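A.B. asks:
Protein chains: 2
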Amino acid sequence: MAVEWKNLDTLASYEALQKESTVDLASAMTGESGEKRAKTYQIPMAEGLSYNYAAKCVDDRILAALAKLAEEAQLSEKFAALYNGEVINTGEKRLVLHHLCRGQLGEAVQADGTDKRAFYVEQQERIAAFADRVHNGEITNEKGEKFTEVVQIGIGGSDLGPRAMYLALENWAKTTGNMKMSAKFISNVDPDDAAAVLASCDIAHAIFILVSKSGTTLETLTNESFVKDALTKGGFDPAKHMIAVTSETSPLAKNAGYLDAFYMDDYIGGRYSSSSAVGGAVLSLAFGPKVFADFLCGAHEADVTAKETDPLKNPAMLDALIGVYERNILGYGATAVLPYSQALSRFPAHLQQADMESNGKSVNRFGEPVSYVTGPVIFGEPGTNGQHSFYQLLHQGTDIVPLQFVGFRKSQIGSDVVIENSTSQQKLCANVAAQIVAFACGKQDDNKNKDFKGGRPSSIIVGDQLTPASLGALLAHFENKIMFQGFLWNVNSFDQEGVQLGKLLAKKVLAHDTDGALKVYSDLLNI
Amino acid sequence: MAVEWKNLDTLASYEALQKESTVDLASAMTGESGEKRAKTYQIPMAEGLSYNYAAKCVDDRILAALAKLAEEAQLSEKFAALYNGEVINTGEKRLVLHHLCRGQLGEAVQADGTDKRAFYVEQQERIAAFADRVHNGEITNEKGEKFTEVVQIGIGGSDLGPRAMYLALENWAKTTGNMKMSAKFISNVDPDDAAAVLASCDIAHAIFILVSKSGTTLETLTNESFVKDALTKGGFDPAKHMIAVTSETSPLAKNAGYLDAFYMDDYIGGRYSSSSAVGGAVLSLAFGPKVFADFLCGAHEADVTAKETDPLKNPAMLDALIGVYERNILGYGATAVLPYSQALSRFPAHLQQADMESNGKSVNRFGEPVSYVTGPVIFGEPGTNGQHSFYQLLHQGTDIVPLQFVGFRKSQIGSDVVIENSTSQQKLCANVAAQIVAFACGKQDDNKNKDFKGGRPSSIIVGDQLTPASLGALLAHFENKIMFQGFLWNVNSFDQEGVQLGKLLAKKVLAHDTDGALKVYSDLLNI
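As they're listed, the protein sequences go chains A and B.
Residue numbering for the first sequence follows the working numbering, beginning at 2 and increasing consecutively.
Residue numbering for the second sequence follows the working numbering, beginning at 2 and increasing consecutively.
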């Protein structure tokens, strides 16, 4: 069937969904009904994860309406068009191929005169070989000493995803003997960022990864200079301490200023680049190529699940559908991501970019204004920390904020302590279980200050342990959820024109080519 | 004049404000009008900071209406009642005295049979003396060796504020020779948090600060056990490595298990405790007592400014008024905090707690439901990082999100690099100046995908450099803004009943006293 790109509010199934009466969540989640929902409203995910949506404002009736919406919006067909190489990024006239970094989902995709799957695999193999040579001491610093640290220089998609993935696996790697090199990250153009990271580094034994697809990102090139100055001042040759991750056509490619260069292309958006060379170089150096390969396997397994046409068997699709229902019909403006895992401390920041930069749009893929709301604000912090912070508003504030919990049965390090007959890991898990029910059901109290209305929806992704494979599956779930939501809203989730105007004006400020308010602010900031 | 606590929607000035037509921000900020606004819509703040609100949706007419609202809502009188010791925290029947930690704003406040200002000063002096003795080697580990690290164990208010303040000053302290001991923080009940921090510590030379007002916070006591186990296994005596910050009536007070204990009381809420012993102990140990004293001076100077009755001379009050106008009349649901300073990386997370936990309420201070929205969702990340992330939605999303920028003319470390004729610090400042105008004015484009509507409000706080004093002023500004907003919404900003239900249910889960959905989730998480 040919794919038709239609606005959400032109779909008959959306109109039908709007007419369905809403679910009384507090009542639905109480007693036997709640027990049955908690047991049955659950979908197996890749790598032993599961998606439980019992505490969402849905029932069989709403789910049936959402399934019709998925069908009419041709979500599966659109995903197939994407992974089979159609020009899905219409604004920039590009294919969207991040799935192909982790496996072949459909037909072979040819572009730029090459098979793209083969291209991505070739880069993975080149990175793996390079990392092995660094780890076994074939590639060393000027004195023949092993490199012990890796520092990524990048910003936005070249920073948030790889950083979140590194932090997610650092303690796992230390515990399982997979830690090859520690990793650090420099991103901000604030000179204190680079200065502080460099001060914490053993630069004699550090290898720096410069990540910029175009090779022209101002922040990143500025920070590269900062690092090169430090290397030179320390008596080191920058060309012996730096590699590049970039596109084949960038000035950083085949450049004698780098030990080596690894390639991505225009079909991998920055915020979807964790499974490309952008994540691959730093994660392979830090943890070894096998760990990165396992991460990709987990992501691919989740991608395969995302091909299911029935949303009740496709957690990313169902998550997307429920999110659109909450945003467009229930009218909720924000979503909180709450991992009960300290290792996922920066995962919400990565999803904040992935989601808000993809779907924070006011025009459809044809450049026409849409007359409905699109992407919500995404924010979050790890639990249980958040419980002692912003959960007050989530429980008793005047706005309802849908919640996405993530939890694991086992910790990564395995050290624990028993207090009051339970381990810390049990306390952590008990808290997330308790929160789901507290948010959904609430608790009446005659003192209205202690009254909880409930009716606050959440879902939870549960896994056994956060490992490279389950992390890959988790990441791919959210990438695919965002993609499906973009299809529903009929926006182009793969460009980001909204970041351009600020760049343009900043250049004017730096060139002192300003007047009016901009000149006043420039003076105020002493530029 | 006697203070009357009234709901926002009962005030005649609020009704009048609702009737004012809204400002066309894009037009107001363009050309001469924009230049004039940028120059004049600015208020000096404490410690050389300034609050510029030119890019907010206000004009002289709206400002006059807001001033009337401030007067009718008796904001100044309510602040005076607070600092003069009335029971402002009605839910818990407590005074609210965090301002008194940093200076005397009004009358002497007697409570618990003592002058409270004298009590807080006494604790500061005791902490200063203790820190000096640690720094000069009078207090040492069992082997007579100096302590070199400090590790704070706390959660929520005992963690986020002190952590954000420490990170804000770490590079400043290293650069100015004020770094006495490095600090780390353990907060999450996730056992991987404590295990990872301990693995990164030199525990032989570490002093641990246990922070819990009640002495009964489960996460904190659990992490204390974790630390004590590690100390004992390492052959160290926990009682020689730990101090407590708690209330005088807690089980941690006057307890032989600690080297010493420093006191706070029930009149300091956790999220307002950075200027009490909770922030004082870790900051004085890390940077020396003089630095903490300077931080308090800056906060006090901001508190004094907050006493101004004219909102055009009182940045915290005006910020609060504009925020309520944006939330209740313009209907914006979230606010982003965007410091252009890597040192403020965790400042947004602290404000997220301070704001959302204070004003995320649905009942007024008498426990009656309110019929208007209260506290918004607060989120943020440092710029320029955010520009390459969620700014897409801020510029072109379907919802408008008001923005709070913060910027400094000078970096903390002072190392910099010139690329394309500008330093990194200049690039950083140029970007924030550019963003204000880009958000306000937008830019028309026939390609609607590249069109920026503008009309997106922001304000900026500008300072010369982030120092202990300016950080104190910045923190106090936001604390006072939140307080004034609580007065406007007529909520009790100083309790947090919304965190209780989750705690209660978590205990049931751990006691295996569950049924229905809660039991299913407990099983799913293997508790």
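We put the CB at the ideal spot given by N, CA and C, even for glycine.
It should be emphasised that the depicted structure is a prediction, and the values quoted were computed from it without experimental measurement.
Can you tell me where the beta strand (DSSP E) with MET243/B in it begins and where it stops?
C.D. replies: 243 to 248
A.B. asks: Is ILE128/B closer than 8 Å to SER251/B when the C-beta atoms are compared?
C.D. replies: no
A.B. asks: Can you determine whether any heavy atom of the ligand FAD sits closer than 7 Å to the C-beta of TYR52/B, and answer yes or no?
C.D. replies: With respect to the ligand FAD, the structure shown offers nothing to examine, as it has no ligands at all.
A.B. asks: Using the Cα positions of THR177/B and ASP133/B, report the straight-line distance between them to the nearest angstrom.
C.D. replies: 18 Å
A.B. asks: Taking ILE420/A as the query, report the chain E residues whose CB atoms sit under 7 Å from its CB, ordered along the chain.
C.D. replies: Given the protein chain composition of this structure (A and B), no chain E is represented.
A.B. asks: What residues from chain B crowd round ASN8/A, counting only those whose CB sits closer than 9 Å?
C.D. replies: Going along chain B, no residue has its Cβ under 9 Å from ASN8/A, so there is no contact; the nearest lies around 13 Å.
A.B. asks: Distance check for LEU64/B and ASP311/B, CA to CA, integer angstroms please.
C.D. replies: 11 Å
A.B. asks: So for MET46/A, helix, strand or coil by DSSP?
C.D. replies: MET46/A: coil per DSSP, three-state reduction.
A.B. asks: Consider the Cβ of GLU369/A: report whether some Cβ of chain B lies at a distance smaller than 8 Å.
C.D. replies: Closer than 8 Å: yes.
A.B. asks: Measuring straight from C-alpha to C-alpha, what distance separates ALA240/B and ASN142/B?
C.D. replies: C-alpha separation (whole angstroms): 10 Å.
A.B. asks: Which residue from PHE479/B, GLY281/B, THR375/B, ILE89/B puts its Cα closest to that of ILE401/A?
C.D. replies: THR375/B
A.B. asks: Among LEU161/A, PHE120/A, LEU101/A, PHE209/A, whose alpha-carbon lies nearest the alpha-carbon of GLU150/A?
C.D. replies: PHE209/A
A.B. asks: In terms of alpha-carbon separation, which member of ASN256/A, GLY271/A, ASP191/A, ASN448/A lies closest to PHE409/B?
C.D. replies: ASP191/A
A.B. asks: Give me the chain B residues within the contact set of VAL364/A, using Cβ-Cβ distance strictly less than 7 Å, ordered along the chain.
C.D. replies: LYS449, ASN450
A.B. asks: Can you tell me which of the three DSSP states ASP265/B falls into?
C.D. replies: A small correction: the amino acid at residue 265/B is Met; Asp does not occupy that position in the sequence shown. Note: MET265/B maps to strand in three-state DSSP.
A.B. asks: Any idea what DSSP makes of SER213/A, helix, strand or coil?
C.D. replies: coil
A.B. asks: Classify VAL419/B as helix, strand or coil using the three-state DSSP reduction.
C.D. replies: strand
A.B. asks: Measure the alpha-carbon distance for ASN432/B versus THR385/B and round it to whole angstroms.
C.D. replies: 7 Å
A.B. asks: Establish whether the CB of GLY332/A and some CB of chain B are separated by less than 8 Å.
C.D. replies: no
A.B. asks: Hey, could you find the ends of the beta strand (DSSP E) THR336/B is sitting in?
C.D. replies: Going by DSSP, THR336/B is part of the beta strand (DSSP E) stretching over 335 to 341.
A.B. asks: Given this structure, state the Cα-to-Cα distance separating HIS206/A from ILE140/B, to the nearest angstrom.
C.D. replies: So the two alpha carbons sit approximately 37 Å from each other.
A.B. asks: Along the chain, where does the beta strand (DSSP E) that runs through ILE140/B open and close?
C.D. replies: That residue, ILE140/B, is in no beta strand (DSSP E); it is neither H nor E in DSSP.
A.B. asks: By alpha-carbon positions, which one of GLY270/B, GLY299/B, THR217/B, PRO290/B ends up nearest to GLY92/B?
C.D. replies: Ranking GLY270/B, GLY299/B, THR217/B, PRO290/B by Cα distance to GLY92/B puts GLY270/B first.
A.B. asks: Against chain B, which members of the region 147 to 169 of chain A pass a CB distance test of less than 8 Å?
C.D. replies: Flagged, chain order: ILE156, GLY157, GLY158, ASP160, LEU161.
A.B. asks: For LEU466/A and chain B, any beta-carbon pair shorter than 8 Å?
C.D. replies: Correcting the residue identity first, residue 466/A is Gln in this sequence and not Leu. GLN466/A does not count as touching chain B.
A.B. asks: Spell out the partners DSSP gives ILE63/B in its beta bridges.
C.D. replies: In the DSSP output, where bridge partners are listed per residue, ILE63/B has none listed.
A.B. asks: In the structure shown, what three-state DSSP assignment does ALA307/B receive?
C.D. replies: Three-state DSSP puts ALA307/B in coil, outside helix and strand.
A.B. asks: Here's the rule: buried if 16 or more other CB atoms are within 10 angstroms of the residue's CB, otherwise exposed. What is ALA370/B?
C.D. replies: Position check: residue 370/B holds Pro in this sequence, whereas Ala was assumed. Exposed is the call here.
A.B. asks: Could you tell me if ALA13/B is buried or exposed, where buried requires 16 or more neighbouring beta carbons within 10 angstroms of its beta carbon?
C.D. replies: exposed
A.B. asks: Any Cβ of chain B within less than 8 Å of the Cβ of ASP191/A?
C.D. replies: yes
A.B. asks: Step through the CB atoms of chain A and report whether any lies within less than 8 Å of the CB of HIS301/B.
C.D. replies: no
A.B. asks: Could you tell me whether any Cβ in chain A is nearer than 8 Å to the Cβ of ARG410/B?
C.D. replies: yes
A.B. asks: In the DSSP assignment, the alpha helix (DSSP H) including ILE323/A goes from what residue to what residue?
C.D. replies: 316 to 325
A.B. asks: Could you name the residues of the region 381 to 404 of chain A whose beta carbon sits closer than 7 Å to any beta carbon of chain B, in the order they occur along the chain?
C.D. replies: Within the region 381 to 404 of chain A, the qualifying residues are GLU382, PRO383, THR385, ASN386, GLN388, HIS389, SER390, PHE391, TYR392, GLN393, LEU394, HIS396, GLN397, GLY398, THR399, ASP400, VAL402.
A.B. asks: Run through the region 99 to 171 of chain B for me and flag every whole alpha helix (DSSP H) of 4 or more residues, listed as ranges in chain order.
C.D. replies: You should have 117 to 136.
A.B. asks: Rounded to the nearest angstrom, how far is the Cβ of TRP1/A from that of ASN360/A, given a contact under 8 Å?
C.D. replies: What is shown of chain A runs 2 to 528, which leaves residue 1/A out entirely.
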